[in-house]
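Chains as they are written, first to last, in full-length UniProt numbering: chain B, 1 to 834; chain X, 1 to 620.
Ideal Cβ positions, reconstructed from N, Cα and C, are used throughout, including at glycine.
Here the structure is a predicted model, which is why all the values come from computation and not from measurement.
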Amino acid sequence: MPIMYNTGEWFKVRPDYYRKVELATPDWPIDLDLEYMLVEAAPYGGPIATTRDPTKLVPVKGSARPMIRIFDTTGRETGHILWNHGKLIAMGWSDTEELICVQENATVFVYDMFGHEKETYSIGDEASVTKIVEAKVFQSTAGTGVAVMTTSGRIFLKQNSTKAERKLPDIPNSSMNCSCWDIITEGRNSYCLLGRDKEVIKLFPGETVGTITANLFEKPHERIIKISVSYNHQHLALYTNTGLLWLGSVDMRQKYCEFDTGRKDMPLQMEWIMNTDNTEADAVVISYPSYLLIVNRNADRSDFPYDPVMFLVAEMDGVRIITQSSHEMIQRLPKCVENIFAVNSQEPASYLFEAQKKFEESSYKSDEYLSMCREKIDLAVTECIEAASYEFCPETQKSLLRTANFGKGFIFGHNPDEYMRIMRILRVLNTLRHERIAMPLTFKQFSHLNPEVILSRLVFRKHYAVAIQVAKHLNLPESWILEHWAYHKVINDPNDIEVARKITEKFKNPSVEGISFCNIAAKAHQAGRDDLAIKLLELEPRASLHVPLLLKMRKFDRAVGSATQSGDTELITRVLLEMKMHMMLSNLHMTIRDHPLALNMYKKIMRESNRAGLYGIYNTEDDQKAIAEYHFQNAIESEGLESNLSLIGNAYAAGRCTLEAELCADTGRLLKLQKTLSTKYNASLNGLSVHDTILGLLQIGELKEAERIRSDFKVPERRFWWLRILTLSEHHKWEELEKLAKSKKSPIGYDPFVEVCLKQGNASEALKYIPRCRDNRKVHWFIRANFLNEAIDCAFEQRDVHSLYELQKKEGVVSDRTLLGKVCNYISMLEMRK
Amino acid sequence: MFPHLKGHGQRVNLQLLQEANCRELVQQLERIEGSKVIVLDEAMIGPLNLVTRPKLFADRGIRLLALKPELHLPREVTNVVYVVRPRVALMDQLAGHVKAGGGQAGRQYHILFAPRRSCLCISQLENSGVLGSFGRIAELAWNYLPLDADVVTMELPNAFRDVSVDGDTSSLYQAAVGLVQLQRLYGRIPKIYGKGEQAHRVWEHAKQLGRDERSLYNGDKGIVDQLILLDRSIDLLSPLATQLTYEGLIDEFYGIRQNKLMLPSEHFPSDGGLGGGAGGNIGNGSRADESQSLLGDGEMKTIMLHSGETLYAELRNKHFNEVTKLLARKAREIHAQMHATSQDKSVKEIKSFVENLLPQLMAQKKATSEHTAIAGLLHEQVNAVAFADDLAAEQEFMVCADIDKPSAYIEDQIASKAELRGVLRLICLQCAAASGLKEKLLNHYKRELVQVYGLEVLLTISNLEKAGLLHQQTESRAYAVLRKTLHLTVDDNVEVEPKDISYVHSFYAPLTARLVEHSLKPLGWQSLKSQINNLPGPTFEDFQAQLVGIGGRHTGATVAEKSLLHVPRVVLVCFVGGCTFAEVAALRFLAAQEDNNVEFLIATTKIINKHSFLDSLMGS
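Structure representation (structure tokens):
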């Protein structure tokens, strides 16, 4: 197979291949010389923090104050921190890309990647008093923790900024002479491994004293000087002053190998290289000045001359090496890549790759190659796709994907999802690796972090446009990115109108979903820009979202306005309750009077909680009728109608309800009259209506008084007659009733006479009045009085066939043969005449 | 679980709505851990009955209690869940319970507000100092609840009053929320027509709320083709008029509450005497099971009245005069079928008869006997003199006879101090028919009422005035004009096997139903627009188009859909402020006409009748 595609960068550490991949070359500022610097780089291609190494002698330039400078992987400075605290002991990066700096007095300062201070906390008083000599930033299950070693040799660790610090157990025997240490996280616990002379001491929190493991090495040495744990906290590497290297499991029960490097100089750093295609680690990389050594479990080695200064960054699938002039990654060669590109590979993927190339060259050999991998073509395609995901060079990616595309044509019913997915992600990765973004991520890291996290990192770096494109490309929600962009604008752009305009312009795009102006307005409010906040709120159509913020800003007028407009009564109520708490009552009334719905809701609230409050509103509104009714209601409830009548009447009058006012006056008059009448006739008439008063008088036979009231209160003649006949009939005064009927023409006709008689069950009395009833009602009354014969005659007289038919069905008629005959006869006669 | 909600061949399946509502409750309950007891506001018993079965609670070991000031909560229960309407007055009871049960360690209280969480209630609890005892305070967004296969109701009896008298438009907002919820379930409604101010408001709110629901506009249109929003205030005559359909009459005399009729059991032949065979027992079993209310009582007999009951479904919308005839025929049929079998038949045939047909027949027989009993009761009521006189007076107004003069009948009623509600009904009817009373006449009535019923009546009148039921005459004589142009009253009325919707009130067609009928015609709404200008409130129409070009991909199903011309249109008629059974019957009558090729879904704030309508307005 061909020697191409960067196979030149491969090297063998038996039995595996490793490779060095060149990442974008950093372009450090001229005044930065890594040789004199302490460098801490965040994993996942994160930012790099540098500060002057105080142990090295440097020609002093510029300010004497120490400064921490933060760069991205291409050497562009993103921020700096002027360190004006105490002595800086250590730095490190958290999993959320925050720079953690530990000071001598055990105070921890946390900065974001732009050098803005975010928080500070302390690792306990004891550590603070005794001062610390060393510190380590480590990843725990609870986040990023900090461990410190004090001058007295005690170790404290804090799993994250919120958890309480823990003091690790005493170091057995002497706490002096500890040469190296590291923190290991195992399950929910983090513990410390400490190298002292020839022993390794394990300090597990909660135990009283550390446990010592000795005699790990076979060959002679004096002390362990370096200790290194793999990225996944599974493997341990120890290095002695005699250049011996010990590789084994982290519990030290298993020893992979012991290797003599044969070097006498001090190593700079030692890191495990995590495998690319699984979660194991087979080799460590050790850096010396100008020299790099790679040793694996099989005690095989490979070495390279290198720049004088280099910094190793352990990643989840390799180790990055940062030097003054280069940025590289060492990783174990993925099997699939090896299968395709290895010299003399016999794997199907390799044949397929060749077949595709020949195919492009229009060579017949394509078919030959193809036939060699035909059986396992799906495996070949899968491997090509997978291999593409490991590649950094777009050209290589392309040719691999082209091969996969070529190969999948030979597979029936191939599911292209994976192919599509990888292609999409690769496009994103290539963008991220571009020096403008400077986030050199591997495919595995990308998958591990989640696209969401990557997007938020992009957003944090203010790469909004790229973030949106990436989100679009990966079919992820993008609105929130825009929202962050808007936050950024709100906080950094001082021109209100311009900001509002820019934001609306972007948000108008209909593909922007579920985005709220309110969140941005809230940010503006937080930033003390209420004017801008209001401008933004005006753009938010949903009142339920923007009203709460308006309330927070005490813009009650606007809040009431938009709540009313939304029609959401609950929202209006909320606004009103809030206003009641913060406003003068009179102001409140004035504010809500322009909003009828709010006013109504306010009245409703008052009606339920504080009726007296209603009066104030009605007064403001000058709603006299409502005031009248308010007094009226109160009067009824307190049973003091009489004393309040004038009040009610006056209000009615003022409200131009003349009739109501008049009726109130009448009632007042009546009540007075009732008192005198009640005592006069020893009857209880108090509080009755005009009608009932007359009725009461009639019932005790006081016709004269009744007449007087009738005329006093202009009771219509008709109703007075009704009352008379009702009382007369109820008292069975049939003669008087008859007298009344004859006294003059009844204003109510004679039907009521019949009705009252029937009501008292006196049909014969009723019969007297039926002839005087209206013609069309006569049959009706006859039937009701059960004078069927008369009814039939009457109906016939009036040629009322309908009633005759009704009568025909009547039980009384049906059972009486003569009546039935008569009805039938009449019906036929009338029908004939038609 | 609710078979009656899935109508025969109805395109809109309201079981979906029932399930959605039920699921919401269950989810809320599941969020509360531990044993629970539910305490129900009286106003929530009905809504709960509409979407849940007692089994749901029994399965979860949840007891239901009615909300009372004095409440004895079971000792061992750790969670008390109140399901209440957001009424401030209720909160004092809750506070009372919490204070009384203070000793119970570890007991948690929760509130589910339906349909809306109320900050006023919460602040009331806070003022009583018990808010801390409440764990979850959530809302149960029950707006429209399925009543029948074609009716959804909000069960807000005071909706019209709240809006028109007190100016509290909560119900309008909730109706709008409900419309959005319905669209979420049944899809976007493309066309909207409406009349009346409150109806317009409902639509404006619904549109505003729907604006954020992008998903609504992305897809094709839903099942519902059209929405017609009608404001109660455009037709105040119909709710006051006496309904003459079977269902309407039952409701007016005895009140149908959430498909349930409660009558003293003495009016019905005992089940034992009727059942006889095994089939009867089966029928009884299921019936008893079904009619068991969530918080039932024993003395009364409960009869289910909904479209799941075959016989009732047939009778409910008929004019009462037709019902008696139908019942008689039914009885004869059953009799014939029962006896036809006694003649010579093979054993096999008899066996199949006993197994298959007999239980059905027994059930039919039982239903027939029940409805005969109900019809008998109604017959007595309808034949009472007062009813006939009232009806006669009412019908005089409907045809605008002597409409501007004081009615002698009303005066006589006042003079004999008849029930105030009935008198006010007639006055309001006259006012509605005359499109307002002359000032002199109105004052005359007011004076008469005050002189007879006392000064307090002024407050009631004031409510009616605010609600627009009593007012002075205006220029336009809307009713008189529309009576002619829209044939609201017909001369050749037919009550049995009618040809026109006017049968529901013997000869008067409810304006609302007539409007819907006209809108069904080609260009119906356009020609209607000019005619109903004299009715109060705006006439509006709207169109909810599909959002094009965003996410929504055309499926091509629309083309196929259009070719199915015979599929009936579905029209959602939304009554803002309540509707009567007569109006429902009229719409069902329209849907039954094949020419119309339409199916209605009726949404209302509450099913009302002349009594309940006035009652809601008369209270203070």
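Check your understanding: Alpha carbon to alpha carbon, how far is Arg477/X from Ile532/X?
Key -> Working through the second sequence from its first residue, we reach residue 477/X at position 477. Working through the second sequence from its first residue, we reach residue 532/X at position 532. Cα to Cα, Arg477/X sits roughly 12 Å from Ile532/X.
Problem set entry | Ile501/X versus Gly812/B: straight-line alpha-carbon distance, rounded | Along the second sequence, one-based indexing puts residue 501/X at 501. Along the first sequence, one-based indexing puts residue 812/B at 812. Each residue's Cα considered, the two are about 36 Å apart.
Please check the pair Ala509/X and His487/X, which I expect to be a contact at CB under 8 Å, by giving their CB distance rounded to whole angstroms. Mapped onto the second sequence, residue 509/X falls at position 509. Mapped onto the second sequence, residue 487/X falls at position 487. Contact holds; Cβ gap of about 7 Å.
Check your understanding: Going by DSSP, which residues form a beta bridge with Lys202/B?
Key -> Numbered from its first residue, the first sequence carries residue 202/B at position 202. Bridge partners of Lys202/B: Leu193/B, Thr211/B.
Got a sec: is the Cβ-Cβ distance from Arg31/X to anything in chain B below 8 Å?
Position 31 of the second sequence holds residue 31/X. Chain B contact via Cβ: absent.
Inset, instruction - Note down, in chain order, each residue of its chain lying with its Cβ closer than 7 Å to the Cβ of Ile520/B, except the 5 sequence neighbours on either side. - result: The residue you call residue 520/B lines up with position 520 of the first sequence. Closer than 7 Å at the Cβ level, and outside the excluded window around Ile520/B, lie Glu483, Ala486, Tyr487, Val490, Ile503, Leu536.
*Which residue's Cα is closest to the Cα of Leu455/X: Leu641/B, Ile340/B, His582/B, Arg457/B?*
Residue numbering aside, residue 455/X sits at position 455 when the second sequence is read from its first letter. Answer by Cα proximity: Leu641/B.
**OP:** Would you list the residues sitting across from Tyr291/B in a DSSP beta bridge?
**Re:** As a first step, residue 291/B is located in the first sequence; it is residue number 291 there, counting from the start. In DSSP, Tyr291/B forms a bridge with Tyr288/B, Pro305/B.
Please work out which residues of its chain come closer than 7 Å, Cβ to Cβ, to Ile111/X, disregarding the five sequence neighbours upstream and downstream, and give them in chain order.
The count along the second sequence starts at 1 and reaches residue 111/X at position 111. Excluding five sequence positions before and after Ile111/X, the CB atoms of its chain that fall closer than 7 Å to its own CB belong to Tyr82, Val84, Phe134, Ile137, given in chain order.
Which stretch, first to last residue, makes up the alpha helix (DSSP H) that contains Ser506/X? Taking the second sequence and counting its residues from 1, the one referred to as residue 506/X is at position 506. No alpha helix (DSSP H) contains Ser506/X, which DSSP labels as neither H nor E.
*Met329/B and Val21/B closer than 8 Å at C-beta*: Start at 1 with the first residue of the first sequence, and residue 329/B comes out as number 329. Start at 1 with the first residue of the first sequence, and residue 21/B comes out as number 21. Yes, they are a contact pair.
Anyone know if the C-beta pair for Leu424/X and Ala393/X falls short of 8 Å?
What you label residue 424/X is simply residue 424 of the second sequence in a count that begins at 1. What you label residue 393/X is simply residue 393 of the second sequence in a count that begins at 1. Taking 8 Å as the Cβ cut-off, Leu424/X and Ala393/X do not qualify as a contacting pair.
(request) Pull up the distance between the alpha-carbon of residue 846/B and that of Ala467/X, whole angstroms please. (result) The requested residue 846/B is not part of the displayed model; chain B covers only 1 to 834.
> Going along the segment 598-625 of chain B in order, which residues come within less than 9 Å of chain X, judged by CB to CB distance?
Replying inline: Leu599, Asn600, Met601, Lys603, Lys604, Ile605, Arg607, Glu608, Ser609, Lys625
message: For Trp10/B, tell me which candidate among Met581/B, His235/B, Lys335/B has the shortest Cα-Cα distance.
response: As a position in the first sequence, residue 10/B is number 10, starting the count at 1. Of the listed residues, the one whose Cα sits closest to Trp10/B is Lys335/B.
Quiz item: Grouping DSSP H, G and I as helix and E and B as strand, with all else coil, what is Glu22/B?
Solution: If you number the first sequence from 1, residue 22/B lands on position 22. Here Glu22/B sits in strand by DSSP.
task = Check the Cβ of Leu172/X against every Cβ in chain B and list those closer than 9 Å, keeping chain order.
result = As a working mapping, residue 172/X is identified with position 172 in the second sequence. Within 9 Å Cβ-Cβ: Gly567, Thr569.
Please confirm if the segment 127-137 of chain B is in contact with the segment 110-117 of chain B, defined as three or more CB-CB distances below 8 Å between the two stretches.
-> no
What's the call for Ala127/B, buried or exposed, on a 16-neighbour Cβ count within 10 Å?
The sequence position of residue 127/B within the first sequence is 127, counting from 1. Under a 10 Å Cβ-count criterion, Ala127/B is classified as buried, with 16 or more other Cβ atoms of the shown protein chains found around its own Cβ.
> Under 8 Å between the Cβ atoms of Tyr602/B and Leu571/B?
Replying inline: Numbered from its first residue, the first sequence carries residue 602/B at position 602. Numbered from its first residue, the first sequence carries residue 571/B at position 571. It is not a contact, given that the beta carbons lie outside the stated cut-off.
Which residues of the segment 195-212 of chain X have a Cβ closer than 8 Å to any Cβ of chain B? Give them in chain order. Flagged, chain order: Arg201, Glu204, His205, Gln208, Arg211, Asp212.
For Pro477/B, which of Ala533/B, Asn495/B, Leu455/B has the nearest alpha-carbon?
Residue numbering aside, residue 477/B sits at position 477 when the first sequence is read from its first letter. The shortest Cα separation from Pro477/B among Ala533/B, Asn495/B, Leu455/B belongs to Leu455/B.
Taking 8 Å as the threshold (C-beta atoms), are Ile81/B and residue 838/B in contact?
An answer regarding residue 838/B cannot be provided, because it is not within the stretch 1 to 834 covered by chain B.
Fill in: Proximal chain B residues relative to Glu456/X, where beta-carbon distance stays under 7 Å
Residue mapping note: residue 456/X aligns to position 456 of the second sequence, counting from 1. Under the 7 Å cutoff, chain B gives Ile636.
Check: Alpha carbon to alpha carbon, what distance is there between Thr580/X and residue 854/B?
Finding: Past the boundaries of the shown model lies residue 854/B; chain B is included only from 1 to 834, so the question cannot be answered.
Do we get a CB-CB distance below 8 Å when we pair Val161/X with the residues of chain B?
Position 161 of the second sequence, counted from the start, is the residue given in the question as residue 161/X. Per the sequence shown, residue 161/X should be read as Arg rather than Val. Not one chain B Cβ lies under 8 Å of Arg161/X.
Problem set entry | Residues of the segment 430-448 of chain X with Cβ closer than 8 Å to any Cβ of chain B, in chain order | Asn443, Lys446, Arg447, Glu448
Notebook entry, point to check: With respect to the beta strand (DSSP E) encompassing Lys264/X, which residues constitute its N-terminal and C-terminal limits?
Noted result: Sequence index remark: in the second sequence, residue 264/X carries index 264 (1-based). Just to set this straight, residue 264/X is Pro in the shown sequence, not Lys. According to the DSSP assignment, Pro264/X belongs to the beta strand (DSSP E) that extends over 260-264.
Would you tell me roughly how many angstroms separate the C-alpha atoms of Val754/B and Leu71/X, rounded to the nearest one?
-> By one-based count along the first sequence, residue 754/B stands at place 754. By one-based count along the second sequence, residue 71/X stands at place 71. Each residue's alpha carbon lies about 55 Å from the other.
- Within this structure, are the beta carbons of Gly45/B and Leu441/B separated by less than 8 Å? Counting from 1 along the first sequence, the entry for residue 45/B is found at position 45. Counting from 1 along the first sequence, the entry for residue 441/B is found at position 441. Yes, they are a contact pair.
Which partner residues of Leu40/X appear in the DSSP bridge assignment? Within the second sequence, residue 40/X is the residue found at index 40, counting from 1. Paired residues: Ala66/X, Val83/X.
Three or more C-beta pairs under 8 Å: does that hold for the segment 414-432 of chain B against the segment 301-310 of chain B?
As far as the Cβ criterion goes, the segment 414-432 of chain B does not touch the segment 301-310 of chain B, which means the pair count is below three.
Nearest candidate by alpha-carbon position, reference Arg457/B, set Glu35/B, Val39/B, Thr96/B, Asp27/B: Locating residue 457/B in the first sequence gives position 457, where the first residue counts as 1. Checked all of Glu35/B, Val39/B, Thr96/B, Asp27/B; the closest Cα to Arg457/B is Thr96/B.
Handout entry: Residue span of the beta strand (DSSP E) that contains His327/B, given as start and end
Key = By one-based count along the first sequence, residue 327/B stands at place 327. Element bounds for His327/B: 327-332.
**Asked** Which bits of chain B does Asp92/X rub up against, with CB to CB less than 8 Å?
**Response** Your numbering for residue 92/X matches position 92 in the second sequence. Within chain B, no residue comes near Asp92/X; the closest Cβ sits about 11 Å away, beyond 8 Å.
Rounded to a whole number of angstroms, what is the C-alpha to C-alpha distance between Lys325/X and Arg60/X? For the purposes of this step, residue 325/X is taken as residue 325 along the second sequence, with counting starting at 1. For the purposes of this step, residue 60/X is taken as residue 60 along the second sequence, with counting starting at 1. Their Cα atoms are separated by approximately 47 Å.
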